[in-house]
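Report on the following structure.
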Amino acid sequence: MTGTVINTGTIIAGSLIGILLKNIIPARLSDRVMQGMGLLTLIIGFSMVQEGQETIILLLSLVIGAAIGELLDLDAKLTWIGQSLENRFKGTQDRFTKGFVTTSLIFCVGPMAILGAIEDGLTGDYTILLTKAIMDGITSIAFASTLGIGVLFSALPVFLYQGSITLLASAVRSLLLPELVAEVTAVGGALIIGLGFNILEIGRIKVANLLPALLVPLLIGKYFLA
Numbered sequence: 009m010t011g012t013v014i015n016t017g018t019i020i021a022g023s024l025i026g027i028l029l030k031n032i033i034p035a036r037l038s039d040r041v042m043q044g045m046g047l048l049t050l051i052i053g054f055s056m057v058q059e060g061q062e063t064i065i066l067l068l069s070l071v072i073g074a075a076i077g078e079l080l081d082l083d084a085k086l087t088w089i090g091q092s093l094e095n096r097f098k099g100t101q102d103r104f105t106k107g108f109v110t111t112s113l114i115f116c117v118g119p120m121a122i123l124g125a126i127e128d129g130l131t132g133d134y135t136i137l138l139t140k141a142i143m144d145g146i147t148s149i150a151f152a153s154t155l156g157i158g159v160l161f162s163a164l165p166v167f168l169y170q171g172s173i174t175l176l177a178s179a180v181r182s183l184l185l186p187e188l189v190a191e192v193t194a195v196g197g198a199l200i201i202g203l204g205f206n207i208l209e210i211g212r213i214k215v216a217n218l219l220p221a222l223l224v225p226l227l228i229g230k231y232f233l234a
């Protein structure tokens, strides 16, 4: 859990720095930063998708994951959490929810969150999560300067998500083959691409409803990988 605790701390610290710099950074610069983050998110997503070996696994994962996500309506639940927290901070308006939801997905969906939490749980080596913590800290500064305090609260789902993976890693050790991890990475990349479009405000993709897709490769991957 050491890596996850450090990661959570850098998100909180970065968010506080970003909030303090909010009045210093011009709105025009903040807009350009957001566009840059959107483009970077797309680039990362496309690079992650290329990690997969079987397109059929990606396709089935997205279809099955979307069906489960829609039934559970995870997007609405995550939005509700953001709105509930928003009520405690009057005057932030929709920026709170957008900051909470967007950065929660960015920090949780990436392959480093999965691989780092697994490595931390299996061996106690949190090098991957330490690297991720630095990246997330920088990212949280950029987002918090534009979207406000909602970014800070994304540290909570990061702690719960990565911490749960770390604690469960030993129980699913037999499933953690490199090929399966690559397929999970590819699915995560597809979700990251959708998130990039949302950041750039190109359409509205309910990425949260696709989160169950990350688990599907672990269930069906062995039937398609040689």
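Those letters in the sequence shown? Residues 9 to 234, per the numbering used here, in order. Even for Gly, the Cβ is constructed at its ideal location relative to N, Cα and C. As the structure is a computational prediction, the values presented were derived from the model and not from experiment.
Taking the C-beta atoms as reference points, S55 is found no nearer than 8 Å to F115. The three-state reading of DSSP puts G46 in helix, counting H, G and I together. Under the Cβ criterion (8 Å, minimum of three pairs), the segment 185-204 counts as touching the segment 64-74. It is roughly 24 Å from the alpha-carbon of L113 to the alpha-carbon of G229. With a 10 Å radius around the Cβ and a threshold of 16 neighbouring Cβ atoms, L227 comes out exposed. Each residue's CA atom was taken as its position, placing V189 and L123 some 8 Å apart.
Just measuring C-alpha positions, the residue of A141, G145, D39, A75 sitting nearest V224 is A75. Scanning D81, L233, V215, G204 for the CA closest to the CA of L50 turns up G204. In this structure, the straight-line span from the alpha carbon of L199 to that of L28 is close to 31 Å. D133: not part of any alpha helix (DSSP H); DSSP gives it neither H nor E. Contact check for T105 and V159: beta-carbon distance about 11 Å, past the 8 Å limit, so the pair fails to qualify. Contact check between the segment 133-150 and the segment 211-219: fewer than three CB pairs, one atom from each, fall below 8 Å, which does not count as touching.
Boundaries of the alpha helix (DSSP H) harbouring G197: 186-207, taken from the DSSP string. A straight line joining the alpha-carbon of Q58 with that of I52 spans about 10 Å.
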